[in-house]
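Below: the structure, in structure tokens.
Numbering (this note's numbering), first residue to last: 3 to 629.
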């Protein structure tokens, strides 16, 4: 596969309109979505931003390379974009970025794709190549430059393979690895190799990319090396470097300063690594996270893994209800249908895994894979004991930190028992102690859960306007984030308790934000650019199917106008839904579940009124593009 097979001409943006980092990212993602290269712009952007949080993909020398590997990608591709005057991208050298390569890789991308992307990364290290891209007149010239550059790389690889190694020169070994393993890993490799060649130093570089470890360092090479460079933003196998002078650094440092790292390694400035613990170096950069940030990350890890079960199960149940009738799964009902009952059973099983999966992945976020089994057990006990969502959260945190404690307690055991710890001690003690803990707290948590349900139900009956206001603001606040999901999961839990009215308001509030953008771009065309207008039209489909996240780009671009208007519209939709007495028996599906909604016309009317008001406010507060 050639680079030109991924660098598609139809998605190139030769002159970006955005003038901020996030604006550029949004503009490129919009183009990928427009050309159907990705199926979930929100999920794709989240992966892009997750990578940016680790370290900026603004590599310096005017280049930025945002990238993600996710199931949100339909077609693996690379989007080339250019900003003639440059912009601040938080680049490593502090200089403006002019050239942008957004890499969209499939989750589980094959080796051919990864190798091709690696070649593209290597091309960007050539200064003459960058200058040529800046001067390129059109997309065809960009492709021609890439093809010529790729031919040079392939020829250089042949020369390197046939080169005779001078055994008298000192040997430096290195490992490069970035979280996604599709760009920085290989750029760091080439930067180190190129610099070592200039310095007359032998170097061997192992890459830990998306397709696994390549050019794996041998025992003999490790023994012979004068120093080790580990340029990595993820875990790599370290014990093999026991007793060696080791420099540990972010992968970006190897791209930015390969000469400095090689010199330090030659001078044995790295600390001697001990296999029993991490080598501590001034070059190490440890990420610090606040307690609140850590809790947020752990809960969201659970929620993100839980939601597919809720959505998949909920939609199957909704289809069963919508097509065959709400009681068609009951054998003694006249409307009984065997296939409908099967859909209901499958959907119910998926929904039943909601709390166990939530607890398991909260635990996994804290204690890694050894905590997974304890978390599942905690979630199952919470679910079976009536402790519900809250019990799952408590159980997940307990299971996770229990495994962390066990790891510390067993740290003194001989290394020969490491395998025994992972497959025997952690699961045995983790499940046992977590089970004892849950058996104690399930009953009181179930009482708390039931009290909460009763409180909300009473609140719903006594003051539907205030309830609608709260639900609307929650759902529109972060559109898919933890606040939105708190309202949604509460609705799902109440739905399981037989309360179908609460979910009606939640669904209305979640549907409204994308529709608000549709109304705004239709009524105020001169106040939104082409990408926004296209996104607004697509959002009609997303909103109609209960996918709130389509509105996120509008909020990200203009939060002071967009967020209040969406909170207003969502609140009105929820309030009217509660006042109209609408009931929605399905947890997801949007307008697909209208056949089973009580007062479906009034529900659609409530959402329409909220969306129109929110859309008018959003559009009216924006200035015309010409101003």
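Note that beta-carbon positions come from the ideal geometry of N, C-alpha and C, so glycine has one too.
If you drop the 5 nearest sequence neighbours on each side, which residues of the same chain put their C-beta closer than 7 Å to that of residue 321?
Position 319 of the chain shown, counting from 1, holds the residue named residue 321. Once the five neighbours on either side are set aside, the close Cβ partners of residue 321 are 345.
Are residue 354 and residue 319 closer than 8 Å when you measure CB to CB?
Numbered from 1 along the chain shown, position 352 holds the residue referred to as residue 354. Numbered from 1 along the chain shown, position 317 holds the residue referred to as residue 319. Contact: no.
Per DSSP, which one or two residues make a beta bridge with residue 251?
Locating residue 251 in the chain shown gives position 249, counting from the first residue. Beta-bridge pairing links residue 251 to 233.
Select from 340, 102 and 395 the residue whose C-alpha is nearest the C-alpha of residue 59.
Taking the first residue of the chain shown as position 1, residue 59 is located at position 57. Here the closest residue by C-alpha is 102.
Do you know whose CA, among 96, 31 and 67, lies nearest residue 74's CA?
By one-based count along the chain shown, residue 74 stands at place 72. Checked all of 96, 31 and 67; the closest Cα to residue 74 is 31.
Can you confirm whether the stretch 574 to 591 touches the stretch 34 to 48 when touching is taken to mean that 3 or more C-beta pairs between the two stretches lie within less than 8 Å?
no
Just the C-alpha distance for residue 217 and residue 171, rounded to the nearest angstrom, thanks.
Mapped onto the chain shown, residue 217 falls at position 215. Mapped onto the chain shown, residue 171 falls at position 169. Distance between the alpha carbons of residue 217 and residue 171 is about 20 Å.
What does a CB cutoff of less than 6 Å around residue 300 pick up in its chain, not counting 5 residues either side in sequence?
Position 298 of the chain shown holds residue 300. So the list reads 364, 367 and 368, once near-sequence residues are dropped.
Tell me whether residue 89 sits in a helix, a strand or coil according to DSSP, three-state version.
For the purposes of this step, residue 89 is taken as the residue at position 87 of the chain shown. Strand.
Closest to residue 27 by C-alpha separation, out of 49, 6 and 138, would be which residue?
Taking the chain shown and counting its residues from 1, one reaches residue 27 at position 25. Considering only alpha carbons, the answer is 49.
Between 234, 228 and 542, which lies nearest to residue 186 when the distance is taken from Cα to Cα?
For the purposes of this step, residue 186 is taken as residue 184 along the chain shown, with counting starting at 1. Nearest option by C-alpha distance: 234.
Buried or exposed for residue 257, please, with buried defined as at least 16 other CB atoms from any protein chain shown within 10 angstroms of its CB.
By one-based count along the chain shown, residue 257 stands at place 255. That one is buried.
Is the stretch 606 to 623 touching the stretch 515 to 535 in the sense that three or more CB pairs, one from each, lie closer than 8 Å?
yes
Check residue 512 in the structure and name its three-state DSSP category.
As a working mapping, residue 512 is identified with position 510 in the chain shown. Looking at residue 512 - three-state DSSP - the assignment turns out to be helix.
Just verifying my parser: in three-state terms, what is the DSSP assignment at residue 477?
Here residue 477 is taken as the residue at index 475 of the chain shown, counted from 1. It is helical.
Name, in chain order, the residues that DSSP records as bridge partners for residue 81.
For the purposes of this step, residue 81 is identified with residue 79 of the chain shown, where counting begins at 1. Answer is 104, bridged to residue 81.
I need the DSSP call for residue 549, collapsed to helix, strand or coil.
In the chain shown, counting from the first residue as 1, residue 549 sits at position 547. Correct three-state label for residue 549: coil.
Whole angstroms are fine: how far does the CA of residue 529 sit from the CA of residue 629?
Mapped onto the chain shown, residue 629 falls at position 627. Mapped onto the chain shown, residue 529 falls at position 527. Confidence in residue 629 is poor, its pLDDT being 48 and thus under 50, which makes the residue's placement too unreliable to answer from.
If you pair each beta-carbon of the stretch 431 to 449 with each one of the stretch 537 to 550, do three or more pairs fall below 8 Å?
no
Which residue wins for smallest C-alpha separation from residue 93, given the options 241, 176, 108 and 255?
Sequence index remark: in the chain shown, residue 93 carries index 91 (1-based). Minimum Cα distance to residue 93 is reached at 255.
Of the choices 81, 10 and 65, whose alpha-carbon is the least far from that of residue 95?
Within the chain shown, residue 95 is the residue found at index 93, counting from 1. Considering only alpha carbons, the answer is 65.
If you follow the beta strand (DSSP E) that residue 398 is part of, which residue opens it and which one closes it?
As a working note, residue 398 is residue 396 in the chain shown. Counting along the chain, residue 398 falls outside any beta strand (DSSP E), though it belongs to the alpha helix (DSSP H) covering 390 to 411.
According to the neighbour-count rule (16 or more other Cβ atoms, all chains shown, within 10 Å of its Cβ), is residue 532 buried or exposed?
The residue you call residue 532 lines up with position 530 of the chain shown. With fewer than 16 Cβ atoms within 10 Å of its Cβ, residue 532 is classed as exposed.
I believe residue 250 touches residue 179 by the beta-carbon criterion, under 8 Å. Please report the beta-carbon distance rounded to the nearest angstrom.
Indexing the chain shown from 1 puts residue 250 at position 248. Indexing the chain shown from 1 puts residue 179 at position 177. Incorrect: roughly 11 Å between the Cβ atoms, too far for contact.
Between the beta-carbon of residue 601 and the beta-carbon of residue 584, is there less than 8 Å?
In the chain shown, the residue the question calls residue 601 occupies position 599. In the chain shown, the residue the question calls residue 584 occupies position 582. In contact: residue 601 and residue 584 (Cβ atoms closer than 8 Å).
Is there at least one non-hydrogen atom of the ligand COA closer than 7 Å to the beta-carbon of residue 369?
Absence of the ligand COA is noted for the structure shown, with no ligands found whatsoever.
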